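**Q** My questions all concern the structure below.
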Amino acid sequence: MNSKKFWLWLAVGVLLIFLPFLLKDYPLHLVNISGIWIILALSVGLLQGYVGEISMGHAAFYGIGAYASVLLTMKGGLPFWVSLPLSALVTMGFGFLIGLVSLRLRGPYFAICTLGFGEIIRLIFVNWREVSGGPDGITGIPAPDAIGALAFTSKQANYFLIYGCVLLTIFVMYRLIHSRPGKAFMSVREDMIYAECIGINAMKYKRLAFTVSTFFAGIGGCLYAHYEHFISPYSFTVGQSFDLVTMVIIGGMGTLVGPVIGAILLTLIPELLHAIKDFRMVIYGLMLMLVIIYLPHGLVGIGQWISGRSSKS
Amino acid sequence: MLIQQLANGVVLGSTYALISIGLTILFGILNIINLAHGEIYMLGAFVAYFLVTLWGVNFFVALLVATVAMGILGVLIERTVFRPLRDKEEINYFIVSVGLLIFLENLALLFWGTEPRSMGLPYASQTVKIGQVIVTVQRLYTVVIAVGIIFGLHFFIKHSRMGKAMRAMEQDREGALTVGVGIDEISSFTFALGSALAGAAGALMGSLFIVNPMMGFTPLLKAFVIVIFGGLGSVLGAIVGGLILGMTEVLGAAYVSSAYQDAFAFIILILVLSFKPTGLFGKR
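As they're listed, the protein sequences go chains A and B. Heads up: the first sequence begins at 4 in our numbering, then just goes up one per residue. Heads up: the second sequence begins at 18 in our numbering, then just goes up one per residue.
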């Protein structure tokens, strides 16, 4: 790493540490919500960008993480810090089982199968009133337990919690992608039959990616529940699953930066441009079509194209 | 009671079959999986709804107009959205159709809101008794029209010049291109046909139930289940699958649980995909 790059990263790091003290309440709230979406988009992006399979039911895993953590803390009496990893593990368990069935399919069939699972899980959230609270959802979810004097009731404290998890997610995914399994993922994405010919157990690696992906979706769900103090089935619908797919595609598939950019953009744009708030979804749909037709590598693709040009000249 | 339920299942199943046939011919002939198909169904219902309620047009005329209008929309969609992706990976068709779905549904929401609307047709409340079964006249019309369209379609695909070209394309793409079948022509026509069927199904369903911008999504998912269950690209499979799903849902709602009526389709989907991924009439 050259010194110029080092100073750049240092500046970004310092900015990120002081950001919560510079922003007002509502902008900070948006930043926190973006953080949760970053984790979720990375989780979908791992599958979509590196294994090449589109999950259209990820909001369900997000929901499982949220409901699991609410049950563990409110009914099971566990502290948040135990429930965070535990709810992610529960989500991962569901992810593993659903992966066993759905990963036998590829491309659009896999996507539709996950969409189907997502709908079944959403219907369970709506109808299993004794456990999920039905369509009214669950209110009064406690904030994460305090560590010593540090209480997680303020937006600032939650910022550090959420972005701590974002960094952890990025770190784990970076390590995973730059290791043997990561190379295996990409070979499966490029050509599954060829990958199997050179001795890569494609199914094993697809399951690994799906399981890891659902683990982080669970983390996102748990954070969301304890940050918003309220969950209902309407937060975990096909619409949210589509949002995640859109974030990954608009940001750029097959990178870690892409989902991060996509998640931030799609959370902040409708807030910054109030005029378009009502058209938000119409514009997402339009953007998704335009990006697929004209910009297959997403916004990251534009960035690479510009930096490629400037380094040539 | 059971016979009554089965009759309701046939009504539901015949409209499911109409939507599914559109989806399955798009896949069979063009290899396109169009997730926006349900939105065309929704728009078809709205066209018929506005014609009937605003201008007092006869329902059958409204049905015809909705069918033709959706056929034209299908051509426009093919030209603008799907044609630019023809030489790219097939998954792009799928993603672009997700974009189209989000776009059309939310545009409709913006214009027409979430309120449920009803066409309020006179036949919707008149009933006739056939043996032990009581059905509304509108439901009877629905089944008759759906069956009529399906037979007409069968005849068209078997005997017309365009139908033969479409079948040639389905059987051997390169071969068909070699003997001079025009791919642009077939693509547009297949989209027109599939979308017209979806529009007709939407107008028919809209006459029986409520019309709103979200009405397209669940039938789309069910149409997928039917298409996969019946075998991708198989018109016969779509008809049989449509009827089976219609029956299953009605019987399941009556005897198992009505809260999970919409989940039966997905349970069937997961079972089929796990045990017989090629479906009932699939070729592979």
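Glycine included, every Cβ here is placed at the ideal spot set by N, Cα and C. Values in this document were obtained by computation on a predicted structure and should not be read as measured data.
Please classify Val-125/A: is it buried, with 16 or more other beta-carbons within 10 angstroms of its beta-carbon, or exposed?
**A** Here residue 125/A corresponds to residue number 122 of the first sequence, with the count starting at 1. According to the sequence as given, residue 125/A is Arg; it is not Val. Classification for Arg-125/A: buried.
**Q** Which residues share a DSSP beta bridge with Lys-78/A?
**A** Here the question's residue 78/A lines up with position 75 in the first sequence. Per DSSP, none; premise fails for Lys-78/A.
**Q** Identify the continuous beta strand (DSSP E) that holds Ile-147/B and give its terminal residues.
**A** For the purposes of this step, residue 147/B is taken as the residue at position 130 of the second sequence. Segment 144–147, the beta strand (DSSP E) holding Ile-147/B.
**Q** So, with DSSP's three-state summary, where would you put Thr-156/A?
**A** In the first sequence, the residue the question calls residue 156/A occupies position 153. Reduced to three states, the DSSP call for Thr-156/A is coil.
**Q** Is Ile-151/B helix, strand or coil when you go by DSSP?
**A** Taking the first residue of the second sequence as 1, we reach residue 151/B at position 134. If DSSP states are grouped into helix, strand and coil, Ile-151/B belongs with the strands.
**Q** Since Ala-141/B and Thr-153/B should fall inside the 8 Å C-beta cutoff, what is the C-beta to C-beta distance between them, to a whole number of angstroms?
**A** As a position in the second sequence, residue 141/B is number 124, starting the count at 1. As a position in the second sequence, residue 153/B is number 136, starting the count at 1. Confirmed, Cβ separation roughly 6 Å.
**Q** Using a Cβ cut-off of 9 Å (strictly closer), state whether Val-273/B contacts chain A.
**A** Start at 1 with the first residue of the second sequence, and residue 273/B comes out as number 256. It does not: the Cβ of Val-273/B has no partner Cβ on chain A nearer than 9 Å.
**Q** Any chance you could list the alpha helix (DSSP H) runs of at least 4 consecutive residues sitting entirely within the region 229–261 of chain B, in chain order?
**A** As far as the region 229–261 of chain B is concerned, its whole alpha helix (DSSP H) runs of at least 4 residues are 234–247.
**Q** Taking only beta-carbon positions, decide if Ala-215/B is within less than 9 Å of chain A.
**A** Along the second sequence, one-based indexing puts residue 215/B at 198. Taking Cβ atoms only, chain A never reaches closer than 9 Å to Ala-215/B, which makes this a no.
**Q** Where in the region 122–170 of chain A do unbroken runs of the beta strand (DSSP E), each at least 3 residues long, occur, reported from the N-terminal end onward?
**A** Counting whole runs of 3 or more residues, the region 122–170 of chain A contains no beta strand (DSSP E) stretch at all.
**Q** Name the DSSP beta bridge partners of Phe-233/A, please?
**A** Locating residue 233/A in the first sequence gives position 230, where the first residue counts as 1. Its beta-bridge partners are Thr-142/A.
**Q** Considering only the alpha carbon of each residue, which of Ala-282/B, Arg-134/B, Ser-291/B lies closest to Glu-266/B?
**A** For the purposes of this step, residue 266/B is identified with residue 249 of the second sequence, where counting begins at 1. Of Ala-282/B, Arg-134/B, Ser-291/B, the residue nearest in Cα terms is Ala-282/B.
**Q** In this structure, how does DSSP classify Arg-134/B when only helix, strand and coil are distinguished?
**A** In the second sequence, the residue the question calls residue 134/B occupies position 117. In this structure, Arg-134/B counts as strand in the three-state DSSP scheme.
**Q** How is the alpha helix (DSSP H) around Phe-226/B delimited, first residue to last?
**A** Numbered from 1 along the second sequence, position 209 holds the residue referred to as residue 226/B. Segment: none, Phe-226/B is in no alpha helix (DSSP H) and carries neither H nor E.
**Q** What does the alpha-carbon distance come out to for the pair Leu-228/B and Ser-86/A?
**A** To locate residue 228/B, count along the second sequence from 1; it is residue 211. To locate residue 86/A, count along the first sequence from 1; it is residue 83. The amino acid occupying residue 228/B in the given sequence is Val; Leu does not appear at that position. Cα to Cα, the separation comes out at about 43 Å.
**Q** Cα-Cα, which of Gly-257/A, Met-284/A, Ala-220/A, Thr-214/A is closest to Gly-98/A?
**A** The residue you call residue 98/A lines up with position 95 of the first sequence. Among Gly-257/A, Met-284/A, Ala-220/A, Thr-214/A, the Cα nearest to that of Gly-98/A belongs to Thr-214/A.
**Q** Rounded to a whole number of angstroms, what is the C-alpha to C-alpha distance between His-54/B and Ile-243/B?
**A** Counted from its first residue, the second sequence places residue 54/B at position 37. Counted from its first residue, the second sequence places residue 243/B at position 226. C-alpha separation (whole angstroms): 14 Å.
**Q** Cβ closer than 7 Å: which chain A residues qualify as neighbours of Pro-101/B?
**A** One-based indexing of the second sequence puts residue 101/B at position 84. In chain order: Ile-296.
**Q** Check the Cβ-Cβ distances between Ala-114/A and every residue of chain B, and say whether any is below 9 Å.
**A** As a position in the first sequence, residue 114/A is number 111, starting the count at 1. Yes, Ala-114/A counts as interfacial toward chain B.
**Q** On the criterion of 16 or more Cβ atoms from any shown chain inside 10 Å, does Met-231/B qualify as buried, or is it exposed?
**A** The sequence position of residue 231/B within the second sequence is 214, counting from 1. Exposed, by the Cβ-count rule.
**Q** Check the Cβ-Cβ distances between Leu-43/B and every residue of chain A, and say whether any is below 9 Å.
**A** Walking along the second sequence from the start, residue 43/B turns up at place 26. So, not an interface residue.
**Q** Quick one: list the residues of chain A neighbouring Ala-276/B, beta-carbon separation under 7 Å, in chain order.
**A** Start at 1 with the first residue of the second sequence, and residue 276/B comes out as number 259. Neighbours of Ala-276/B on chain A, chain order: Asn-130.
**Q** Examine chain B for any beta-carbon lying closer than 9 Å to the beta-carbon of Glu-122/A, and answer yes or no.
**A** To locate residue 122/A, count along the first sequence from 1; it is residue 119. Yes, Glu-122/A counts as interfacial toward chain B.
**Q** At a Cβ threshold of 9 Å, is Phe-210/A touching chain B?
**A** On the first sequence, residue 210/A is found 207 positions in, with the first residue counted as 1. Here residue 210/A is Arg; the residue named in the question, Phe, does not match the sequence. So, not an interface residue.
**Q** First and last residue of the alpha helix (DSSP H) that includes Glu-56/A?
**A** Within the first sequence, the letter at position 53 stands for residue 56/A. Careful: Glu-56/A lies outside any alpha helix (DSSP H) and carries neither H nor E.
**Q** With DSSP as the reference, label Glu-56/B as helix, strand or coil.
**A** Here residue 56/B is taken as the residue at index 39 of the second sequence, counted from 1. Of the three classes helix, strand and coil, the one that applies to Glu-56/B here is helix, per DSSP.
**Q** Thinking C-alpha only, which one of Val-150/B, Ser-205/B, Ile-167/B, Gly-250/B is nearest Gln-188/B?
**A** As a working note, residue 188/B is residue 171 in the second sequence. If we check each option's Cα against that of Gln-188/B, Gly-250/B comes out closest.
**Q** Along the region 163–184 of chain A, where does the CB come closer than 8 Å to a CB of chain B? Name the residues.
**A** Of all residues in the region 163–184 of chain A, none has a Cβ within less than 8 Å of some Cβ in chain B.
**Q** Using a Cβ cut-off of 8 Å, pull out every chain A residue sitting near Ser-291/B, in sequence order please.
**A** As a first step, residue 291/B is located in the second sequence; it is residue number 274 there, counting from the start. Ordered by position in chain A, the residues that pass the 8 Å Cβ test against Ser-291/B are Val-104, Arg-107.
**Q** What are the start and end residues of the alpha helix (DSSP H) that includes Phe-9/A?
**A** Counting from 1 along the first sequence, the entry for residue 9/A is found at position 6. Here the alpha helix (DSSP H) through Phe-9/A covers 6–25.
**Q** Determine, using beta carbons only, whether Met-284/A comes closer than 9 Å to chain B.
**A** Start at 1 with the first residue of the first sequence, and residue 284/A comes out as number 281. Judged by the 9 Å Cβ criterion, Met-284/A is in contact with chain B.
**Q** Could you spell out the range, first to last residue, of the alpha helix (DSSP H) harbouring Phe-298/B?
**A** To locate residue 298/B, count along the second sequence from 1; it is residue 281. No alpha helix (DSSP H) holds Phe-298/B; DSSP gives it neither H nor E.
**Q** Report yes if the C-beta distance between Leu-29/B and Ala-215/B is below 9 Å; otherwise report no.
**A** Reading the second sequence from its first residue, position 12 is the one you call residue 29/B. Reading the second sequence from its first residue, position 198 is the one you call residue 215/B. Taking 9 Å as the Cβ cut-off, Leu-29/B and Ala-215/B do not qualify as a contacting pair.
**Q** Within 10 Å of its beta-carbon, does Asp-246/A have 16 or more other beta-carbons around it, so buried, or fewer, so exposed?
**A** If you number the first sequence from 1, residue 246/A lands on position 243. With 16 or more Cβ atoms within 10 Å of its Cβ, Asp-246/A is classed as buried.
**Q** What runs of the alpha helix (DSSP H), each 4 residues or longer, lie entirely inside the region 221–272 of chain A?
**A** For the region 221–272 of chain A, whole alpha helix (DSSP H) runs of length 4 or above, ordered along the chain, are 241–254.
**Q** Please state whether DSSP places Gly-91/B in a helix, a strand or coil.
**A** Your numbering for residue 91/B matches position 74 in the second sequence. Looking at Gly-91/B - three-state DSSP - the assignment turns out to be helix.
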